[in-house]
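Count the sequence shown with my numbering and you get residues 601 to 840, in order.
Below: one structure, written as structure tokens.
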Amino acid sequence: MATKTGFQRFAGFRSLPYRSGIIYNFVTDCLYDRYEKYSTIAKLIGNGSKKVFDLPCGTGFLTRFLSSSTTYTGFDLNHRFLKKMHKDWKSGKINLKKLILKQNNIFDYDKYPKEPQDVIVFCDILHHIYDAQTNRHIDLVENAKKHANKIILCEPIAVKPQDVHAYAFIGKTTMFITKFFPEKVIKFLDFFLADNDGINSYHKRSSWQHDEKSLRELYKNLGFNKILKLTDDFIGVWEK
Ligand SMILES: C[S@@+](CC[C@H](N)C(=O)[O-])C[C@H]1O[C@@H](n2cnc3c(N)ncnc32)[C@H](O)[C@@H]1O
């Protein structure tokens, strides 16, 4: 069974990867080993009939590694990504009996599933919604603790071209070239071709600046004591 709620275009201007799930998947494949990342998260979720809440779900690559008896709920504001997921589920690429997709803001806490979840996943989202002034990234994670027994967090230390250890040749070459570009050009490229999701400003996204020590510290302060490192990504686990 899959449910959807009439996905509609979200107003903000999005870069090319955020206009097409296929392009987004291609770009992420160039930047990191998606199989390693999502299979590691899936192992931490574990097998069996788990309730998994993915905030936000993006194009839903994680679902490919979950056991088919999982009850999966995904929120995202990107209608194209949600439509792609629904299509992939219909064609059998996503092999889950129960897929619930909602075009909701992850901060709409009152729209979270009423029943407690086994696992909430936050993958590649804190560096998008980061706000050092309001600390809303902390609120998001603290609130999730009321809804799940386990939380899995996965964020990169690197978001600037000079710090990214890209995975594929094309990703490596792009990072090598763009690291010499001035900030203004990087901001322009971000708007049209890179991480502009149409929801979170460049100003906020680019203020996510961590090294390994400060990211580990952020995870520890949030109560995530088990931390795994995958090239530029850190996976943290919190358990009730
Ligand atoms: C880098 S992608 C990560 C998606 C997914 N977790 C993954 O691992 O592929 C960031 C996603 O966050 C979504 N997003 C950003 N802010 C959001 C918000 N406030 N509410 C819902 N979705 C949001 C974007 O639409 C985009 O799909």
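All C-beta atoms, glycine included, are put in the ideal place defined by N, C-alpha and C.
Here the structure is a predicted model, which is why all the values come from computation and not from measurement.
Within the present structure, is the beta-carbon of residue i separated from the nearest heavy atom of ligand 1 by less than 6 Å?
| i | result |
| --- | --- |
| Leu701 | no |
| Pro713 | no |
| Leu677 | yes |
| His728 | yes |
| Cys630 | no |
| Asn625 | no |
| Pro756 | no |
| Ile706 | yes |
| Asp724 | yes |
| Ile799 | yes |
| Gly658 | yes |
| Phe607 | no |
| Phe681 | yes |
Identify the continuous alpha helix (DSSP H) that holds residue i and give its terminal residues.
| i | result |
| --- | --- |
| Lys772 | 769-778 |
Among the options, which residue has its Cα nearest to the Cα of residue i?
| i | options | result |
| --- | --- | --- |
| Ile622 | Asp688, Tyr635, Ala642, Gly771 | Asp688 |
| Ile700 | Asp724, Phe653, Asn821, Leu789 | Phe653 |
| Asp676 | Ile827, Gly606, Gly648, Phe665 | Gly606 |
| Leu793 | Arg609, Gln608, Tyr624, Ala611 | Tyr624 |
| Ser801 | Ile720, Ala768, Phe613 | Phe613 |
| Leu740 | Ile827, Leu726, Glu817, Asn749 | Leu726 |
| Asn735 | Pro756, Leu822, Ile752 | Leu822 |
| Ala768 | Ile738, His679, His728, Arg634 | Arg634 |
| Gln608 | Asn704, Ser649, Thr773 | Asn704 |
| Thr640 | Leu753, Gly692, Leu631 | Leu753 |
| Lys714 | Cys723, Lys746, His737 | Lys746 |
| Glu812 | Ser806, Gly798, Thr831 | Thr831 |
| Phe610 | Lys690, Ser806, Phe681 | Phe681 |
Could you check where the beta strand (DSSP E) with residue i kicks off and where it finishes?
| i | result |
| --- | --- |
| Phe875 | Outside the shown range of the chain (601 to 840) lies residue 875, about which nothing can therefore be said. |
| Ile827 | 826-830 |
| Asn749 | 748-756 |
| Lys683 | Segment 679-690 is the alpha helix (DSSP H) holding Lys683; no beta strand (DSSP E) there. |
Mark residue i as exposed unless 16 or more other C-beta atoms lie within 10 angstroms of its C-beta, in which case mark it buried.
| i | result |
| --- | --- |
| His803 | exposed |
| Asp795 | buried |
| Val785 | exposed |
| Lys684 | buried |
| Pro656 | buried |
| Gly646 | exposed |
| Gly836 | buried |
| Pro617 | buried |
| Ser825 | Contrary to the premise, residue 825 reads as Asn rather than Ser in this sequence. Answer is exposed; the Cβ neighbour count stays below 16. |
| Glu742 | exposed |
| Glu783 | exposed |
Taking 6 Å as the line, does the beta carbon of residue i fall inside it for any heavy atom of ligand 3?
| i | result |
| --- | --- |
| Ser806 | Summarising the ligand content, the structure contains ligand 1 and does not contain ligand 3. |
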